[in-house]
Amino acid sequence: MEFVSAVSLETEPARVARDIQDQLAAEAPFDLVVVFVRPETDPAGADILAGLREQLTPRRFIGCTAGGVVGAGREIEDQAATAVLAARLPGVHVEPLPDLDDDDVDLRPDDLQACIVLVDPFSTATEALLNRLDQLAPGIPVIGGVASWASAPGRNRLAQDDEVTNSGLVGVTLRGNVRVSTIVSQGCRPVGDWFTVTGSRSNLIQELDGKPPLEVLQEVFAEASADDQKLMRSGILLGRGVVRQPDDLGHGSFLIRVVLGADRESGAISVADRMREGEYVQFHVRDAQSARDDLEMLLTPQVFEESAAGALLFTCNGRGERFFGERDADVAIIGNALGEQVPVTGFFCGGEIGPIGSANFVHGYTASLAVFRPGSGAG
24 MEFVSAVSLE
34 TEPARVARDI
44 QDQLAAEAPF
54 DLVVVFVRPE
64 TDPAGADILA
74 GLREQLTPRR
84 FIGCTAGGVV
94 GAGREIEDQA
104 ATAVLAARLP
114 GVHVEPLPDL
124 DDDDVDLRPD
134 DLQACIVLVD
144 PFSTATEALL
154 NRLDQLAPGI
164 PVIGGVASWA
174 SAPGRNRLAQ
184 DDEVTNSGLV
194 GVTLRGNVRV
204 STIVSQGCRP
214 VGDWFTVTGS
224 RSNLIQELDG
234 KPPLEVLQEV
244 FAEASADDQK
254 LMRSGILLGR
264 GVVRQPDDLG
274 HGSFLIRVVL
284 GADRESGAIS
294 VADRMREGEY
304 VQFHVRDAQS
314 ARDDLEMLLT
324 PQVFEESAAG
334 ALLFTCNGRG
344 ERFFGERDAD
354 VAIIGNALGE
364 QVPVTGFFCG
374 GEIGPIGSAN
384 FVHGYTASLA
394 VFRPGSGAG
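So for the sequence shown, my numbering puts the first residue at 24; every next one is plus one.
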């Protein structure tokens, strides 16, 4: 198993293709090439994706446009760039994601190890997509991201083999001789206690433990430290418990969602997700140090594993230099854990896809990472 990566700062599509080809120095076809492009213009994004497919001629090819890319130990947020991860995967079957609307689609997880998915936010219901994949392949990790180049429908570009589109989704399944470790670092920490949703409607929470949620939030704020109060003023997050029993609540058991607003008259709060009565929730805050500590902690078990072959990083466009106060923070932490020689490629997403527990979700403010190693049958 071999992964290699390349980053080009060229902007003209033909120059990008030649630059990437020279860096990869490919002598034999790659089994999979994944590309992320921050183009200067809409047409350039499509042309770069198509040109790289033609130049590299891999067996499978996926990619999308992005607001920023990651590769070669760098996070490139403020200029046009193209990042490529190319892999030779002996004993691994890489196939396009099938039509999930087909009632006869078969994703039996006998030897399915993971799915990689890239989606356009304006034309794809990402949560419905992940629910469908969870039904078809329970317990199988889905890793990926939401294309982030465009601010309007029809302007993102997504590539699947020799086709480039401006809507929908692209993806591949990985079967056979590969191990995929997934890490979803949400970079948040709780404030206050957890509560039970006792009244809700759609994305509104109307009661927490029988009280108006705004009243509960005000009590949490009053009891918080001065530092946490400052963070709460900058934005409140809500963790939705993904466990069935409150005794199981802890690190990694919350799905983080943004608190959108509150109604002072009713005391209800609105959340960027559909809420259900009976689930457990806890307010959270985010700061750069918590995000660093969380990612470092989640990567710690990697030191007990054999060397990684490569990795894909899907990090939030709300992280990066503006959040951490310095460049390359996420990729530096990952390099320290996996080894700087391990190629890590990715992009800044409009939503990050990854598993928590046995189900897959679309996240915000996270670093979602897939680490690839040979399976037990590797030679």
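In this text, a Cβ means the ideal position worked out from N, Cα and C, and glycines have one as well.
If I follow the unbroken beta strand (DSSP E) through Asn179, where does it start and stop?
Start at 1 with the first residue of the sequence shown, and residue 179 comes out as number 156. Run containing Asn179: none; DSSP gives neither H nor E here.
State the start and end residues of the unbroken alpha helix (DSSP H) segment that holds Val294.
Start at 1 with the first residue of the sequence shown, and residue 294 comes out as number 271. Here Val294 belongs to no alpha helix (DSSP H); instead the beta strand (DSSP E) covers Ile292 to Val294.
Residues of its chain near Gly199, where Cβ-Cβ distance is below 6 Å and the 5 sequence neighbours each way are ignored
Locating residue 199 in the sequence shown gives position 176, where the first residue counts as 1. Within the same chain, Gly199 has close Cβ partners Gly114, Val115, His116 and Asp134.
In terms of DSSP beta bridges, what is Thr406 paired with?
With the chain represented from 24 up to 402, any question about residue 406 goes unanswered, as that position is not in the structure.
Just to confirm my understanding: we take Val27, look at its own chain, exclude 5 residues before and 5 after, and list those with CB closer than 7 Å. What are they?
The count along the sequence shown starts at 1 and reaches residue 27 at position 4. Answer for Val27: Leu47, Ala109 and Pro366, listed in chain order.
According to DSSP, simplified to helix, strand and coil, what is Gly341?
Counting from one through the sequence shown, the residue named residue 341 turns up at place 318. Note: Gly341 maps to coil in three-state DSSP.
Within 10 Å of its beta-carbon, does Asp122 have 16 or more other beta-carbons around it, so buried, or fewer, so exposed?
As a first step, residue 122 must be located in the sequence shown, where it is residue number 99. Label assigned to Asp122: exposed.
Provide the residue(s) that pair with Tyr303 in DSSP beta bridges, ordered along the chain.
Start at 1 with the first residue of the sequence shown, and residue 303 comes out as number 280. Paired residues: Thr219.
Can you name the residues that DSSP bridges to Phe26?
Locating residue 26 in the sequence shown gives position 3, where the first residue counts as 1. Note: Phe26 sits in a beta bridge opposite Ala110.
Given a threshold of 16 other Cβ atoms within 10 Å of its Cβ, counted over all protein chains shown, does Met24 qualify as buried or as exposed?
As a position in the sequence shown, residue 24 is number 1, starting the count at 1. Counting Cβ neighbours within 10 Å, Met24 comes out buried, since at least 16 surround it.
8 Å Cβ cutoff, Ile376 in contact with chain B
Looking at the structure shown, chain B is missing, and only one protein chain is on hand.
Proximal residues to Asp232 (C-beta, below 8 Å), its chain only, five neighbours per side dropped:
Walking along the sequence shown from the start, residue 232 turns up at place 209. For Asp232, where only same-chain residues beyond five positions count, the Cβ hits under 8 Å are Phe218, Thr219, Thr221 and Val239.
Same chain, Cβ closer than 6 Å to Leu254, neighbours up to 5 away in sequence not counted
Taking the sequence shown and counting its residues from 1, one reaches residue 254 at position 231. Taken in chain order, the residues that qualify are Val308 and Asp310.
Give the single residue among Val30, Arg82, Ala103 and Thr80 whose Cα lies nearest to the Cα of Ala89.
In the sequence shown, counting from the first residue as 1, residue 89 sits at position 66. Ranking the options by Cα distance to Ala89, first place goes to Ala103.
For the alpha helix (DSSP H) that Ser313 lies in, which residues bound it at each end?
For the purposes of this step, residue 313 is taken as the residue at position 290 of the sequence shown. Counting along the chain, the alpha helix (DSSP H) containing Ser313 begins and ends at Ala311 to Leu322.
Using the Cβ count rule (16 or more neighbours within 10 Å means buried), how would you classify Pro132?
Numbered from its first residue, the sequence shown carries residue 132 at position 109. In the assembly as shown, Pro132 is an exposed residue. Its beta-carbon has fewer than 16 other beta-carbons within 10 Å.
Return the chain-ordered list of same chain residues with a C-beta closer than 7 Å to the C-beta of Pro36, the five sequence neighbours on each side being excluded.
Translated into the one-based positions of the sequence shown, residue 36 becomes position 13. By the criterion of a C-beta distance shorter than 7 Å, Pro36 is surrounded in its chain by Ala67, Asp70, Ile71 and Gly74, once the five residues flanking it on both sides are discounted.
Contacting residues, own chain, Cβ-Cβ under 6 Å from Pro397 (five flanking each side not counted):
Mapped onto the sequence shown, residue 397 falls at position 374. Within the same chain, Pro397 has close Cβ partners Met24.
Going by alpha carbons, who is nearest to Glu77 out of Asp184, Leu278, Asp351 and Ser146?
Position 54 of the sequence shown, counted from the first residue, corresponds to residue 77. Nearest option by C-alpha distance: Asp184.
When the Cα atoms are used, what is the spatial distance from Val195 to Arg315?
Indexing the sequence shown from 1 puts residue 195 at position 172. Indexing the sequence shown from 1 puts residue 315 at position 292. Near 30 Å, if we compare the C-alpha coordinates of Arg315 and Val195.
Measure how close the beta-carbons of Arg280 and Arg299 come, nearest whole angstrom, since I'm counting them as under 8 Å.
Position 257 of the sequence shown, counting from 1, holds the residue named residue 280. Position 276 of the sequence shown, counting from 1, holds the residue named residue 299. Not a contact, Cβ separation roughly 13 Å.
Would you call Gly2 buried or exposed, if buried means 16 or more other Cβ atoms sit within 10 Å of its Cβ?
Nothing about residue 2 can be reported from this structure: the residues present for the chain run from 24 to 402 only.
What first and last residue would you give for the beta strand (DSSP E) that runs through Pro378?
Within the sequence shown, numbered from 1, the residue matching residue 378 stands at position 355. For Pro378, the enclosing beta strand (DSSP E) stretches over residues Glu375 to Ile379.
Tell me whether Asp54 is buried or exposed, calling it buried when 16 or more other Cβ atoms sit within 10 Å of its Cβ.
Taking the sequence shown and counting its residues from 1, the one referred to as residue 54 is at position 31. Asp54 comes out buried.
Smallest Cα separation from Glu329: which of Glu186, Leu227, Ser399 and Ala29?
For the purposes of this step, residue 329 is taken as the residue at position 306 of the sequence shown. When only C-alpha atoms are compared, the closest one is Ser399.
Does the beta carbon of Leu278 fall short of 7 Å from some heavy atom of the ligand FAD?
The model on display carries no ligand, and the ligand FAD is accordingly not part of it.
At a cut of 8 Å, does the stretch 338-350 reach the stretch 173-181 through at least three beta carbon pairs?
no
Pro164 vs Ala182 beta-carbon contact at 8 Å:
Residue numbering aside, residue 164 sits at position 141 when the sequence shown is read from its first letter. Residue numbering aside, residue 182 sits at position 159 when the sequence shown is read from its first letter. Not in contact: Pro164 and Ala182 (Cβ atoms no closer than 8 Å).
Let me know the secondary structure DSSP gives Thr149 once reduced to three states.
Numbered from 1 along the sequence shown, position 126 holds the residue referred to as residue 149. The answer is helix: DSSP assigns Thr149 an H, G or I state.
Let me make sure I understand the geometry here. Which of Cys372, Ala355, Phe371 and Phe370 has the alpha-carbon closest to that of Leu364?
Residue numbering aside, residue 364 sits at position 341 when the sequence shown is read from its first letter. According to the sequence as given, residue 364 is Gln; it is not Leu. When only C-alpha atoms are compared, the closest one is Ala355.
Leaving out five residues on either side along the sequence, give the residues of the same chain with a beta carbon under 6 Å from the beta carbon of Gly374.
The residue you call residue 374 lines up with position 351 of the sequence shown. Excluding the 5 residues flanking it on each side, Gly374 has same chain C-beta neighbours closer than 6 Å at Val169 and Val385, in chain order.
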